[in-house]
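Just below is one structure, and these are the notes that go with it.
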């Protein structure tokens, strides 16, 4: 169940049309390390997590990523809402214009469509949390690259905010991995898969499983 | 290697509770935690001034609305970051007491905004009808779409 709140997590107010910048930023909507990919990754992985608190964290971060997706889409929208055909041509936005006019569609900066191929839900808590750590770093690098390239402060402020969130999420996934390790064989973390070999998981996850 | 570190396994030290930014600074920074503010050199402020768009000619009601919405954004983000910390540190008593304070503020601000302007969530309609039981307004369609940048 989700509830919509009619506001952005971080305000976006862009006053200049710039299809070129929109085409770069759209990568964080539908690109390989974008917010949509992040959200779907975490919201898919959470069901089978052996530690309840980690499933909760994935739900909360996956939900926050949806609000980041909304921030990115708002930026793309505001950068293109008053677009003319001439501006689309001059800004290299003509191909996008042909397929979507000024509609908002999840694709990468390279025009590759959004795809679930960019993320995993592997059914192994250590594997998934390690992927999540990497995912936050990849998204941070995209924001670094965008910040190097875009000078307009109206656009930079929300990008800086989103970059900072990647670092916080990395820290939380690291802590989630530490919690998960506590349920594993201390001498060999790879002795069993805590999501599949449930009978071998030690407390607190075992205690939680009993609660259900 | 410390006790928590192992070969062939990633390891991130757990964060300890530390100094916090106030809600306004936290939203601007992207975290409430001073320890997690790790900026990128190329993200430092450029010498391009931010021109406030049409502040002067702004209608006072809209200014009031934007100010109140700003406060809601700040306290809500404070809660967003606090929540993730508590997800991995559920026994942190200082975090819990901050949470209790901020939740109360947010509840009050959401109700105030709904009554004076429009409901931000469907549940906020309850606040409006509580204050004005006779109000004949569905109200859920009121207010600008969030992606319009509140410049409507």
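Residue numbers (the working numbering), protein chains in the order written: chain A, 76 to 287; chain B, 93 to 244.
Positions of the beta carbon are idealized from the N, C-alpha and C atoms, including for glycine.
C-beta contact flag for residue i and residue j at 8 Å
i, j, result
"residue 132 of chain A", "residue 221 of chain A", "no"
"residue 268 of chain A", "residue 207 of chain A", "no"
"residue 136 of chain A", "residue 176 of chain B", "yes"
"residue 256 of chain A", "residue 264 of chain A", "yes"
"residue 141 of chain A", "residue 94 of chain A", "no"
"residue 79 of chain A", "residue 236 of chain A", "no"
"residue 115 of chain B", "residue 167 of chain B", "yes"
"residue 194 of chain A", "residue 102 of chain A", "no"
"residue 238 of chain A", "residue 118 of chain B", "no"
"residue 123 of chain A", "residue 270 of chain A", "yes"
"residue 21 of chain A", "residue 83 of chain A", "In the structure as shown, chain A starts at 76 and stops at 287, and residue 21 of chain A therefore has no counterpart that could be examined."
"residue 117 of chain A", "residue 147 of chain A", "no"
Contact set for residue i: own chain, Cβ-Cβ below 6 Å, skip 5 residues either direction
i, result
"residue 172 of chain A", "163"
"residue 101 of chain B", "none"
Within chain A, partners of residue i - CB distance below 7 Å
i, result
"residue 106 of chain B", "250, 253"
"residue 169 of chain B", "84"
Own chain partners of residue i with C-beta closer than 7 Å, once the 5 adjacent residues on each side are dropped
i, result
"residue 244 of chain B", "Below a pLDDT of 50, predicted positions are generally treated as unreliable, and residue 244 of chain B, at 42, falls in that range; no measurement from the model is reported."
"residue 285 of chain A", "Low confidence applies here, because residue 285 of chain A scores a pLDDT of 49, under 50, leaving its location unreliable and the question unanswered by this model."
"residue 281 of chain B", "For chain B, the structure presents residues 93 to 244; residue 281 of chain B sits outside this window and is missing."
N-terminal and C-terminal residue of the alpha helix (DSSP H) that residue i is part of
i, result
"residue 118 of chain A", "110-120"
"residue 248 of chain A", "228-256"
"residue 224 of chain A", "200-224"
"residue 319 of chain B", "The question about residue 319 of chain B has no answer here: the residues shown for chain B are numbered 93 through 244."
"residue 160 of chain B", "152-180"
"residue 220 of chain B", "216-223"
"residue 187 of chain B", "185-208"
"residue 102 of chain A", "102-105"
9 Å Cβ cut-off: residues of chain B touching residue i
i, result
"residue 91 of chain A", "Going along chain B, no residue has its Cβ under 9 Å from residue 91 of chain A, so there is no contact; the nearest lies around 10 Å."
"residue 219 of chain A", "132, 134, 135"
"residue 274 of chain A", "Residues of chain B passing the Cβ test: none, with the nearest at roughly 22 Å."
Under 7 Å from the C-beta of residue i: neighbouring residues of chain B
i, result
"residue 116 of chain A", "Going along chain B, no residue has its Cβ under 7 Å from residue 116 of chain A, so there is no contact; the nearest lies around 16 Å."
"residue 223 of chain A", "134"
Contacts of residue i in chain B (Cβ-Cβ under 8 Å)
i, result
"residue 87 of chain A", "239, 241"
"residue 78 of chain A", "213, 214, 215"
"residue 247 of chain A", "176, 177, 179, 180"
Per-residue contacts from residue i into chain A (C-beta, under 8 Å)
i, result
"residue 165 of chain B", "82, 83, 84, 85, 86"
"residue 119 of chain B", "85, 236"
"residue 173 of chain B", "243"
Sequence-distant residues of the same chain with beta carbon closer than 8 Å to residue i, five excluded per side
i, result
"residue 282 of chain A", "Because the pLDDT of residue 282 of chain A is 48, which lies under 50, any placement of that residue in the model is unreliable, and the question is left without a value."
"residue 220 of chain B", "206, 207, 211, 227, 229, 231"
Partner residues on chain A for residue i, Cβ-Cβ distance less than 9 Å
i, result
"residue 218 of chain B", "Result: empty, since nearest Cβ-Cβ is about 13 Å, beyond 9 Å."
Any alpha helix (DSSP H) of 4 or more consecutive residues that is wholly inside the stretch 129-214 of chain A: Counting only runs of 4 or more, we get 160-165, 169-175.
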